[in-house]
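Numbering (the numbering used here), first residue to last: 108 to 342.
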């Protein structure tokens with residue numbers, strides 16, 4: 108049974124999925140699966156408790172799988188390159204954009220005061236801004252660049268925190284209580300999502316089987332097409 112399945116898979120890889128509804132459905136599946144997984148992984152990376160690494164792994168898995176399917180399964184090297192790099196970029200931009208949209212739209216506004224600002228150097232030697240804020244209840248939180256603290260706040264400044272209703276994400280700090288979103292992040296994320304999805308769909312619809320590659324190489328070398336077996340010849 109296993110040998111039969113393996114033979115069918117090898118035959119499918121050699122001959123390819125013929126054009127038609129089945130190829131369209133398969134292409135749409137991959138066109139949705141890869142960017143959605145990368146977007147979810149990017150958002151998951153915004154959470155603490157080790158979910159950062161799980162989100163990173165999801166983004167890398169989506170990028171590697173998409174590139175492998177397009178490059179090895181469909182014989183579309185150009186599509187594989189675009190999908191691989193585009194998927195990783197999507198995870199980088201989509202995560203913070205979704206975090207900002209979630210915090211700004213659904214977060215609870217809490218007044219706070221900046222009590223300390225500064226910079227710390229990480230293990231790579233890069234300076235990272237941070238700020239400590241205190242809310243009316245006396246709770247002190249330390250926020251970083253991921254929470255929109257880039258050194259623009261001053262000690263004693265009144266700010267607004269947008270707290271996660273579920274209490275899982277760190278609050279986002281803003282100078283005012285305005286819930287208007289910066290369109291740059293969502294715009295870049297949406298463009299990358301469409302790029303990856305469209306590339307996967309286009310590559311899937313134009314996929315080339317191993318037989319197509321062999322025929323192309325044979326024509327490039329000027330070799331004749333192989334003759335049909337005697338049982339398939341017509342008189």
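The beta carbon of each residue, even a glycine, is placed where N, CA and C say it ideally should be. Only a predicted model underlies this, so the values are computations on that prediction, with no experimental measurement involved.
Selection from the options that minimises the alpha carbon distance to residue i
i: residue 255; options: 186, 211, 246 and 293; result: 211
i: residue 159; options: 178, 202, 143 and 172; result: 202
i: residue 176; options: 300, 238, 277 and 140; result: 140
i: residue 242; options: 207, 280 and 261; result: 280
i: residue 277; options: 187, 263 and 215; result: 215
i: residue 263; options: 152, 219, 132 and 173; result: 219
i: residue 206; options: 142, 269, 131 and 312; result: 269
i: residue 296; options: 142, 137 and 138; result: 142
i: residue 152; options: 245, 247, 275 and 132; result: 275
i: residue 305; options: 127, 125, 126 and 131; result: 131
i: residue 286; options: 128, 240, 187 and 217; result: 217
i: residue 187; options: 231, 137 and 154; result: 137
i: residue 310; options: 173, 240, 231 and 249; result: 173
Own chain residues within Cβ distance below 7 Å of residue i, not counting five before or after
i: residue 235; result: 226, 227, 229, 251 and 252
i: residue 283; result: 267
i: residue 260; result: 221, 224, 238 and 266
i: residue 343; result: No information on residue 343 is available, as it lies outside the stretch 108 to 342 that the chain covers here.
i: residue 204; result: 292, 293 and 296
i: residue 233; result: none
Whole-number beta carbon distance between residue j and residue i, since they are thought to touch under 8 Å
i: residue 191; j: residue 184; result: Actually they do not touch by this definition, with Cβ atoms about 11 Å apart.
i: residue 193; j: residue 291; result: Actually they are not in contact, since the Cβ atoms of residue 193 and residue 291 sit about 18 Å apart, beyond 8 Å.
i: residue 134; j: residue 308; result: 5 Å
Beta-carbon proximity list for residue i, same chain, < 6 Å, skipping 5 on both sides
i: residue 148; result: 162, 165, 166 and 198
i: residue 245; result: none
i: residue 258; result: 236
i: residue 189; result: 306
i: residue 248; result: 240
i: residue 125; result: none
i: residue 150; result: 202 and 205
Opposing strand residues paired with residue i [DSSP bridges]
i: residue 250; result: 238
8 Å Cβ shell around residue i - same chain, five flanking residues per side excluded
i: residue 208; result: 288 and 293
i: residue 145; result: 165, 166, 169, 170, 194, 195, 197, 198, 201 and 303
i: residue 154; result: 162, 275 and 276
i: residue 157; result: none
Please give the ranges of any beta strand (DSSP E) in the stretch 199-244, keeping only runs that are unbroken, at least 3 residues long and fully inside the region. 215-228 and 234-241
Uninterrupted beta strand (DSSP E) stretches inside the stretch 262-296 (no shorter than 3 residues): 265-270 and 279-281
Give, in chain order, every unbroken run of the alpha helix (DSSP H) that is at least 4 residues long and sits entirely within the stretch 138-172. none
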